[in-house]
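Since the structure comes first, as structure tokens, the remarks are kept for the end.
Chains as they are written, first to last, in this note's numbering: chain A, 1 to 365; chain Z, 366 to 775.
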């Protein structure tokens with residue numbers, strides 16, 4: 001090795017040093033230490049002694065761990081699916097030339113820059129048993145006859161008008177805006193008439209009394225309701241960030257492809273599924289990967305809900321690790337680190353599988 | 366800056382002649398209302414006693430989960446010289462080896478023996494109870510009057526109390542309930558104790574399938590079947606006292622803390638206090654909730670810490686706390702205090718709560734050597750699933766026992 005080469009390496013190392021040191025201390029050292037603790041009986045106060053794989057067999061026997069594992073996988077897959085789909089749709093909407101685009105882009109991005117702790121508290125408040133969400137549901141049910149009448153008349157008037165137009169051999173779409181406004185006027189007038197005649201009116205319904213947190217109910221017998229609220233909340237806060245990636249990806253798709261598709265007679269939907277989606281596959285891979293890693297490690301929103309929901313209905317692996325390591329008085333660091341290692345291995349496997357099967361081509365390039 | 370101060374002070378101490386100490390004793394305790402109360406105690410009773418010895422006292426409340434914070438501080442070596450030692454976590458904290466045994470340093474004879482037992486592990490005393498609480502039954506006199514049902518009293522059994530609650534509900538209609546019961550061992554457990562159940566057997570194992578436990582469990586959850594008892598979330602609150610304060614429930618099973626809550630939140634509620642109902646065996650059961658003062662085994666100022674601890678638990682300090690209606694004192698001598706003979710609802714409640722500590726099967730609220738949350742979780746989940754009608758008590762208790770067995774095998 002000549003002097004110049006050695007100097008180059010030294011320079012590179014010096015420039016890399018801040019990053020390498022951080023990596024070594026906070027990642028390599030921490031990881032190795034956690035791995036070591038996972039095979040010991042360490043509890044913050046004793047001198048760790050090796051106990052073999054006891055911690056691993058203990059967590060497998062712990063029903064809270066299996067619950068946390070099931071919750072984590074459910075949460076990760078559902079949330080990643082939802083946030084990817086919604087981010088793609090929103091990015092598409094915001095990629096068009098519409099009036100007030102800057103405003104909409106900013107508005108949509110708001111949830112992402114708001115602290116997730118704050119959003120968690122707002123959700124807790126909205127979803128209280130006597131909260132706004134249940135209140136709106138109650139109001140909707142109370143006004144259901146009126147809303148139903150309005151909707152029925154609107155659809156009926158529209159269908160009649162379109163059929164008349166078509167009978168006159170005029171090209172009328174089912175969603176023709178001019179006819180729709182006439183239908184709307186008819187619907188409003190008729191509903192108002194029926195309401196004032198007392199034919200339809202506001203019903204007396206008992207207040208909707210759904211408990212979103214203090215419940216052991218499961219959606220479809222699988223997904224705990226409190227976890228579902230966290231999914232909704234997490235999707236709400238992560239969609240905007242992922243949308244930005246898709247938006248950047250969309251700007252890189254050549255217009256020519258759409259023009260060609262349009263000339264070939266592709267509809268908007270076909271253009272989306274045949275041009276946009278395939279062209280975005282590298283971005284989608286990135287979005288799904290970061291989404292999976294992020295959701296597998298979800299912790300904060302579970303902690304915010306706290307004792308409002310039963311532990312088994314909200315616990316995730318990251319929270320399990322925390323609750324074992326930092327429980328009052330009894331710290332089972334060995335158990336906690338074993339669970340953390342399991343979480344790391346699961347994350348790695350899922351990302352590798354996804355890379356292997358779903359987007360193989362792009363991942364290799 | 367604190368360190369610089371300490372360094373300066375210790376240098377001063379080194380230079381000064383023997384006897385004149387200049388030390389700061391740091392106290393850790395709960396946040397919430399406690400900083401105001403403890404500061405008051407420090408100013409009134411501790412400072413006058415220890416100032417002449419050159420001891421300064423500061424109080425540092427720990428925000429959030431106290432046990433968790435204290436664990437972290439102790440493991441990092443940053444905990445105070447004197448701190449709260451909650452009765453429910455005595456064993457785990459003593460096991461860390463960071464709590465100083467007080468034998469020979471502090472005289473514990475003046476304190477209730479049940480409380481000293483709570484802080485004794487392996488024959489050594491690790492804390493002096495600062496105060497305590499037990500459960501009592503508070504009842505809404507107006508609701509019972511309106512329903513023309515006799516008030517709960519010291520002769521009530523589970524059966525007669527249930528009948529009274531059902532009669533109140535029958536007379537007053539569906540907007541009123543007998544009580545709010547929480548799915549929590551901290552309340553239900555007291556009934557199991559009354560029935561003679563013991564949280565830990567001779568081998569230190571817990572059996573929730575014991576018929577004595579199951580009978581209490583069935584009584585507690587059985588009242589929910591016809592909605593005589595509902596859960597606090599049904600009335601948009603999070604504890605039994607919350608329901609009671611709204612005036613919708615005839616009784617609440619709570620400790621002396623409910624009086625302060627009612628004073629602030631339902632000042633016009635006309636209430637009385639009775640002891641918990643007796644089990645079929647004719648005995649009562651109760652939990653002893655207590656927090657003690659303990660000393661950090663690694664404190665650099667042991668003598669000063671002991672002085673501060675003694676001042677904090679002095680008879681004058683406890684009398685002051687009692688008369689302010691803040692807590693029930695732990696000194697035996699104070700049970701004849703005039704305060705307990707007053708006829709105000711608050712003093713009557715204090716008196717029932719005080720006597721609860723020695724009436725029937727009384728056990729400290731604790732999970733022994735286990736983490737409290739983890740040990741109570743299987744029981745609480747069983748309660749929740751049966752109270753909400755999702756499971757039968759036999760199935761729920763079987764699952765709880767299986768979870769407890771896994772925990773106990775670790």
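Even glycine gets a Cβ: it sits at the ideal position worked out from N, Cα and C.
| query | result |
| --- | --- |
| Leaving aside the five residues before and after residue 135 of chain A along the sequence, list all residues of the same chain whose C-beta is less than 7 Å from its C-beta, in chain order. | none |
| From the DSSP output, in three-state form, read off residue 43 of chain A for me. | coil |
| Exposed or buried, what is residue 113 of chain A when buried is set at 16 or more other beta-carbons lying within 10 Å of its beta-carbon? | exposed |
| Does any residue of chain Z have a CB that is nearer than 8 Å to the CB of residue 329 of chain A? | yes |
| Whole-angstrom Cβ separation of residue 550 of chain Z and residue 744 of chain Z, contact assumed at under 8 Å? | 4 Å |
| In chain order, what residues of the same chain lie with their CB nearer than 7 Å to the CB of residue 95 of chain A, ignoring the 5 residues before and after it? | 247, 250 |
| Tell me which residue opens and which closes the alpha helix (DSSP H) that residue 230 of chain A is part of. | 225 to 251 |
| Would you say residue 481 of chain Z reaches chain A, if we count a Cβ-Cβ gap shorter than 8 Å as a contact? | no |
| In the structure shown, what three-state DSSP assignment does residue 425 of chain Z receive? | strand |
| Could you name the residues that DSSP lists as bridge partners for residue 651 of chain Z? | Z:727 |
| If you drop the 5 nearest sequence neighbours on each side, which residues of the same chain put their C-beta closer than 6 Å to that of residue 470 of chain Z? | 671 |
| Hey, is the stretch 69 to 76 of chain A in contact with the stretch 291 to 301 of chain A, meaning 3+ C-beta pairs nearer than 8 Å? | yes |
| I want to verify the contact list: residues of chain A whose CB lies under 9 Å from the CB of residue 462 of chain Z, in sequence order. | 45, 46 |
| For residue 755 of chain Z, does the three-state DSSP call read helix, strand or coil? | coil |
| Using three-state DSSP, classify residue 381 of chain Z as helix, strand or coil. | At residue 381 of chain Z, the pLDDT of 43 sits below 50, so the modelled position is not reliable; the number obtained from the coordinates is stated separately. In this structure, residue 381 of chain Z counts as coil in the three-state DSSP scheme. |
| If you measure beta-carbon to beta-carbon, which residues of the stretch 142 to 159 of chain A are closer than 9 Å to chain B? | Structure shown: chain B not included; protein chains present are A and Z. |
| Tell me the residue span of the alpha helix (DSSP H) that contains residue 619 of chain Z. | Run containing residue 619 of chain Z: none in the alpha helix (DSSP H); it sits in the beta strand (DSSP E), 616 to 619. |
| Counting Cβ pairs, one atom from each stretch, are 3 or more of them under 8 Å apart for the stretch 554 to 565 of chain Z and the stretch 671 to 685 of chain Z? | no |
| Using a Cβ-Cβ distance under 8 Å, would residue 326 of chain A count as near chain Z? | yes |
| Would you say the stretch 719 to 730 of chain Z touches the stretch 651 to 671 of chain Z, given that touching needs at least three Cβ pairs under 8 Å? | yes |
| In whole angstroms, what separates the C-alpha of residue 424 of chain Z from that of residue 658 of chain Z? | 13 Å |
| With DSSP collapsed to three states, give me the class of residue 604 of chain Z. | coil |
| Could you please give me the residues that DSSP links to residue 310 of chain A through a beta bridge? | Answer is none; residue 310 of chain A lacks a bridge partner. |
| Residue 216 of chain A CB to nearest chain Z CB: under 8 Å? | yes |
| Can you tell me whether residue 376 of chain Z is buried or exposed, with buried defined as 16 or more other CB within 10 angstroms of its CB? | Here residue 376 of chain Z scores only 47 on pLDDT, less than 50, and its place in the model is too uncertain to base an answer on. |
| Do residue 605 of chain Z and residue 618 of chain Z come within 8 Å of each other at the CB atom, strictly closer than that value? | yes |
| Tell me the residue span of the beta strand (DSSP E) that contains residue 495 of chain Z. | 493 to 498 |
| May I have a chain-ordered list of the alpha helix (DSSP H) segments no shorter than 4 residues that lie completely inside the stretch 437 to 505 of chain Z? | 455 to 460, 478 to 483 |
| Looking only at its chain, what residues have a beta carbon closer than 8 Å to the beta carbon of residue 417 of chain Z, apart from the 5 residues adjacent to it on each side? | none |
| Can you check the stretch 24 to 111 of chain A for any alpha helix (DSSP H) of at least 4 residues that lies completely inside it and give the ranges in chain order? | 30 to 37, 54 to 61, 63 to 94 |
| So residue 762 of chain Z and residue 573 of chain Z are supposed to be a Cβ contact under 8 Å. How far apart are they, rounded? | 5 Å |
| Check this for me: beta carbons of residue 65 of chain A and residue 334 of chain A, under 8 Å apart or not? | no |
| Against chain A, which members of the stretch 722 to 735 of chain Z pass a CB distance test of less than 7 Å? | 735 |
| Which chain A residues sit within Cβ distance under 7 Å of residue 430 of chain Z? | 328 |
| Give every residue of the same chain whose Cβ lies closer than 6 Å to the Cβ of residue 465 of chain Z, excluding the five residues on either side of it in the sequence, and list them in chain order. | 660, 662 |
| Alpha carbon to alpha carbon, what distance is there between residue 748 of chain Z and residue 308 of chain A? | 16 Å |
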